[in-house]
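Colleague: What follows is a single structure, and I will ask about it in a moment.
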Amino acid sequence: MIKSLTRGLFGIVLVGLISIITLNYYFCFSRNHAQLERISEDYFRQVSTLIRENQNELDTALEDFSNTSLRRAKTASYVVEHYPEIETDIHELKKLADILEVDEIHLFDLSGEIYFGTHPEYYHFTFRSGEQMNYFLPMLEDSSLEMCQEITPNTAENKLMQYAAVWREDGKGIIQVGLVPERVMKIKEENSLNNIVSLIPSEKEAELYIVSKENGDILASTNVANKEENAERIGLPWKEAAASMEMVHIKIGGKKHCAFLQEHQDMVYIRTYPSRLLIREIFLDSGFIAIYILLLFVITAILLRHYTNSKVVKGLNQINRDMKDIENGSKSYVNNITQIPELSELADSINVMTDSIRSAFRNFSVAVEKSNIQMGIYDYSKVQFTRDYTG
Numbered sequence: 000m001i002k003s004l005t006r007g008l009f010g011i012v013l014v015g016l017i018s019i020i021t022l023n024y025y026f027c028f029s030r031n032h033a034q035l036e037r038i039s040e041d042y043f044r045q046v047s048t049l050i051r052e053n054q055n056e057l058d059t060a061l062e063d064f065s066n067t068s069l070r071r072a073k074t075a076s077y078v079v080e081h082y083p084e085i086e087t088d089i090h091e092l093k094k095l096a097d098i099l100e101v102d103e104i105h106l107f108d109l110s111g112e113i114y115f116g117t118h119p120e121y122y123h124f125t126f127r128s129g130e131q132m133n134y135f136l137p138m139l140e141d142s143s144l145e146m147c148q149e150i151t152p153n154t155a156e157n158k159l160m161q162y163a164a165v166w167r168e169d170g171k172g173i174i175q176v177g178l179v180p181e182r183v184m185k186i187k188e189e190n191s192l193n194n195i196v197s198l199i200p201s202e203k204e205a206e207l208y209i210v211s212k213e214n215g216d217i218l219a220s221t222n223v224a225n226k227e228e229n230a231e232r233i234g235l236p237w238k239e240a241a242a243s244m245e246m247v248h249i250k251i252g253g254k255k256h257c258a259f260l261q262e263h264q265d266m267v268y269i270r271t272y273p274s275r276l277l278i279r280e281i282f283l284d285s286g287f288i289a290i291y292i293l294l295l296f297v298i299t300a301i302l303l304r305h306y307t308n309s310k311v312v313k314g315l316n317q318i319n320r321d322m323k324d325i326e327n328g329s330k331s332y333v334n335n336i337t338q339i340p341e342l343s344e345l346a347d348s349i350n351v352m353t354d355s356i357r358s359a360f361r362n363f364s365v366a367v368e369k370s371n372i373q374m375g376i377y378d379y380s381k382v383q384f385t386r387d388y389t390g
């Protein structure tokens, strides 16, 4: 009996285990995707915030640098006007450049040609000498203009400079100063996309990509090997990005990944996560559930066996012994089994049955006695059969 109960319980547990594991797999699969999507949204939000804040910082630095350049150009113009001898003394002009903390000072005549300055190699350059110089051409037409050029490579050395130019108050020419934008370039480097991405904490093997919406070039990435790659070449689905979060399954380097992508202005943010880590996490989760269920089954089976042996089997054996004693005539009734209601009911039914049998024999004996019929009655049993309910 115990073996039958155990087999039945094991079958029920096995069916339940398979059902629970299957449901848990799909539940975990959906839950993990939703969780990764929320994390990706947080990452994208952080990146957008950092880019916006860093751009504001850079814009402020550029504006401050431009204002500083113009102020120094005006100061140089004032000194040149009030100390005319400096127009012919390159050493004094270089001293002025050191005082003003500028790298170059150039003096232009009314035609827009450099006639003197701290760098003789630039003499005779004009506002028509290349694209960088052309920026200041409008000043020849309007003497009220004060112009500050964006940071750009200069014509002669292709060196990054920022130039600012103002007219002299006496109208005799234009003074231009040039500054190497070290502070601005440092801020620009600190605020580069790669530095921004490096500030974002990332989970193991998860990668973050910032891709150009125009051509798919990877502008920044936590994956050093793919920093200067094209998104399409390595399998990133940047063309599928939209304003809302999208999730696709892709292969990168022959390995399956779950990719989350979203469009932000002129860039596409993509975050990839290896599918094998997702599956491993789901199997670990399902494995623990299976272990818990099996432990519960083992404990239940042990308790069931103990309860069956100590209560049910013991009660059945007691009833069996009492019936044997009744058969031998040493006992009249089966003892009541109070611990188990079903066995107690069985014992009561047996006692009622034995009472009925005794009553029938008594009535038969009385009828035979009063009828004065001569007869004999014998009870013969070929097999004496008993059963022990221990297994």
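For the sequence shown, counting from 1, position 22 maps to 21 in numbering that gives the first Met the number 0; every step adds exactly one. All C-beta atoms, glycine included, are put in the ideal place defined by N, C-alpha and C. No experiment lies behind these values; they were computed from the predicted model shown.
Candidates F135, E149, L218 and S197: which alpha carbon is nearest M184's?
Modeller: Walking along the sequence shown from the start, residue 184 turns up at place 185. Of the listed residues, the one whose Cα sits closest to M184 is E149.
Colleague: Taking 8 Å as the cut-off, does the region 266-275 touch the region 193-211 (at least 3 CB pairs, one atom from each stretch)?
Modeller: Cβ pair count under 8 Å is three or more, so yes.
Colleague: Measuring CA to CA, which of L198, E181, D265 and T151 is closest to L218?
Modeller: Position 219 of the sequence shown, counted from the first residue, corresponds to residue 218. It is D265.
Colleague: V14: buried (16+ other C-beta within 10 angstroms of its C-beta) or exposed?
Modeller: As a working note, residue 14 is residue 15 in the sequence shown. Burial call: exposed.
Colleague: Using C-beta distances below 8 Å, list every residue in its chain close to Y332, excluding the 5 sequence neighbours before and after it, in chain order.
Modeller: Numbered from its first residue, the sequence shown carries residue 332 at position 333. Contacts found: D321, I325, N350 and T353.
Colleague: On the three-pair Cβ rule with 8 Å, is the region 164-182 touching the region 22-38?
Modeller: Contact between the region 164-182 and the region 22-38 is absent, because fewer than three Cβ pairs lie under 8 Å.
Colleague: From E341 to C257, what does the alpha carbon distance come to, in whole angstroms?
Modeller: As a working mapping, residue 341 is identified with position 342 in the sequence shown. As a working mapping, residue 257 is identified with position 258 in the sequence shown. Approximately 59 Å between the Cα atoms of the pair.
Colleague: Do the region 86-100 and the region 60-78 touch if we need at least three Cβ pairs shorter than 8 Å?
Modeller: Counting Cβ pairs under 8 Å, three or more are found: they touch.
Colleague: How far does the beta strand (DSSP E) with R453 in it extend, from its first residue to its last?
Modeller: Coverage of the chain is limited to positions 0 through 390, which leaves residue 453 absent and any answer about it impossible.
Colleague: From K330 to L22, what does the alpha carbon distance come to, in whole angstroms?
Modeller: To locate residue 330, count along the sequence shown from 1; it is residue 331. To locate residue 22, count along the sequence shown from 1; it is residue 23. Their Cα atoms are separated by approximately 59 Å.
Colleague: Can you tell me the Cα-Cα spacing of T389 and N316, whole angstroms?
Modeller: Your numbering for residue 389 matches position 390 in the sequence shown. Your numbering for residue 316 matches position 317 in the sequence shown. Note on T389: pLDDT 47, under 50, position unreliable in the model; the coordinate value appears next. Between T389 and N316, the C-alpha separation is close to 8 Å.
Colleague: Between F287 and R279, what straight-line distance do the alpha-carbon atoms span, to the nearest angstrom?
Modeller: Start at 1 with the first residue of the sequence shown, and residue 287 comes out as number 288. Start at 1 with the first residue of the sequence shown, and residue 279 comes out as number 280. Distance between the alpha carbons of F287 and R279: 12 Å.
Colleague: Measure from the alpha carbon of A289 to the alpha carbon of each residue in I11, G10 and I20, then state which is nearest.
Modeller: Counted from its first residue, the sequence shown places residue 289 at position 290. Nearest option by C-alpha distance: I20.
Colleague: Between which residues of its own chain and I17 is the CB-CB distance below 7 Å, once the five residues before and five after are set aside?
Modeller: As a working mapping, residue 17 is identified with position 18 in the sequence shown. So no residue of the chain qualifies.
Colleague: Can you look up V165 in the DSSP assignment and give me helix, strand or coil?
Modeller: Working through the sequence shown from its first residue, we reach residue 165 at position 166. In the structure shown, V165 sits in a strand (DSSP, three-state: E or B).
Colleague: Helix, strand or coil for N229? Go by DSSP, reduced to three states.
Modeller: Within the sequence shown, the letter at position 230 stands for residue 229. Three-state result, N229: strand.
Colleague: Check the DSSP bridge columns for F107 and list the partner residues they point to.
Modeller: Here residue 107 refers to the residue found at position 108 of the sequence shown. Answer is I113 and I173.
Colleague: So, under 8 Å CB-CB, F126 and F135 are touching, yes? Tell me the CB distance rounded to an integer number of Å.
Modeller: Counted from its first residue, the sequence shown places residue 126 at position 127. Counted from its first residue, the sequence shown places residue 135 at position 136. Indeed, because the Cβ distance is near 5 Å, the residues count as touching under 8 Å.
Colleague: Hey, how far is the Cα of G215 from the Cα of P236?
Modeller: What you label residue 215 is simply residue 216 of the sequence shown in a count that begins at 1. What you label residue 236 is simply residue 237 of the sequence shown in a count that begins at 1. Straight-line Cα distance between these residues: approximately 9 Å.
Colleague: If you draw a straight line from the alpha carbon of L92 to that of Y121, how long is it in whole angstroms?
Modeller: On the sequence shown, residue 92 is found 93 positions in, with the first residue counted as 1. On the sequence shown, residue 121 is found 122 positions in, with the first residue counted as 1. If I take the Cα positions, the gap works out to 15 Å.
Colleague: Between the C-alpha atoms of T385 and L345, what's the straight-line distance to the nearest angstrom?
Modeller: As a first step, residue 385 must be located in the sequence shown, where it is residue number 386. As a first step, residue 345 must be located in the sequence shown, where it is residue number 346. Here the model assigns T385 a pLDDT of 49, short of 50, so the residue's position is not dependable and the matter cannot be decided.
Colleague: Identify whether A219 lies in helix, strand or coil by the three-state DSSP scheme.
Modeller: Numbered from 1 along the sequence shown, position 220 holds the residue referred to as residue 219. If DSSP states are grouped into helix, strand and coil, A219 belongs with the strands.
Colleague: Who are T74's beta bridge partners in DSSP?
Modeller: By one-based count along the sequence shown, residue 74 stands at place 75. Partner(s): none; T74 has no beta bridge.
Colleague: Would you call Q446 buried or exposed, if buried means 16 or more other Cβ atoms sit within 10 Å of its Cβ?
Modeller: Since the displayed the chain opens at 0 and closes at 390, residue 446 lies outside it and no answer follows.
Colleague: CB-CB under 6 Å to F124, same chain, minus the five flanking residues each way: which ones, in chain order?
Modeller: Translated into positions along the sequence shown, residue 124 becomes position 125. For F124, where only same-chain residues beyond five positions count, the Cβ hits under 6 Å are I113.
Colleague: In chain order, what residues of the same chain lie with their CB nearer than 8 Å to the CB of P180, ignoring the 5 residues before and after it?
Modeller: Within the sequence shown, the letter at position 181 stands for residue 180. If we look at P180 and ignore the five residues flanking it on each side, its Cβ neighbours are F64, I150, L159, M160 and Q161.
Colleague: Whose CA, out of I195, S29 and Q131, lies closest to the CA of Y42?
Modeller: Translated into the one-based positions of the sequence shown, residue 42 becomes position 43. Closest by alpha carbon: I195.
Colleague: Which partner residues of R182 appear in the DSSP bridge assignment?
Modeller: For the purposes of this step, residue 182 is identified with residue 183 of the sequence shown, where counting begins at 1. DSSP lists no partner for R182.
Colleague: Would you call A240 buried or exposed, if buried means 16 or more other Cβ atoms sit within 10 Å of its Cβ?
Modeller: Sequence index remark: in the sequence shown, residue 240 carries index 241 (1-based). A240 comes out buried.
Colleague: Compute the Euclidean distance between the alpha carbons of R361 and S348, then round it to the nearest angstrom.
Modeller: The residue given as residue 361 occupies position 362 in the sequence shown. The residue given as residue 348 occupies position 349 in the sequence shown. Computed Cα separation, rounded: 20 Å.
Colleague: Return the chain-ordered list of same chain residues with a C-beta closer than 7 Å to the C-beta of E145, the five sequence neighbours on each side being excluded.
Modeller: One-based indexing of the sequence shown puts residue 145 at position 146. Counting only Cβ-Cβ distances below 7 Å, and skipping sequence neighbours, we find L69 and V165.
Colleague: If you drop the 5 nearest sequence neighbours on each side, which residues of the same chain put their C-beta closer than 8 Å to that of N327?
Modeller: Here residue 327 corresponds to residue number 328 of the sequence shown, with the count starting at 1. Nothing meets the Cβ criterion.
Colleague: Between H81 and G177, what straight-line distance do the alpha-carbon atoms span, to the nearest angstrom?
Modeller: Position 82 of the sequence shown, counted from the start, is the residue given in the question as residue 81. Position 178 of the sequence shown, counted from the start, is the residue given in the question as residue 177. Roughly 21 Å separates the two Cα atoms.
Colleague: So what does Q261 bridge to, in DSSP terms?
Modeller: Counting from one through the sequence shown, the residue named residue 261 turns up at place 262. Paired residues: Y268.
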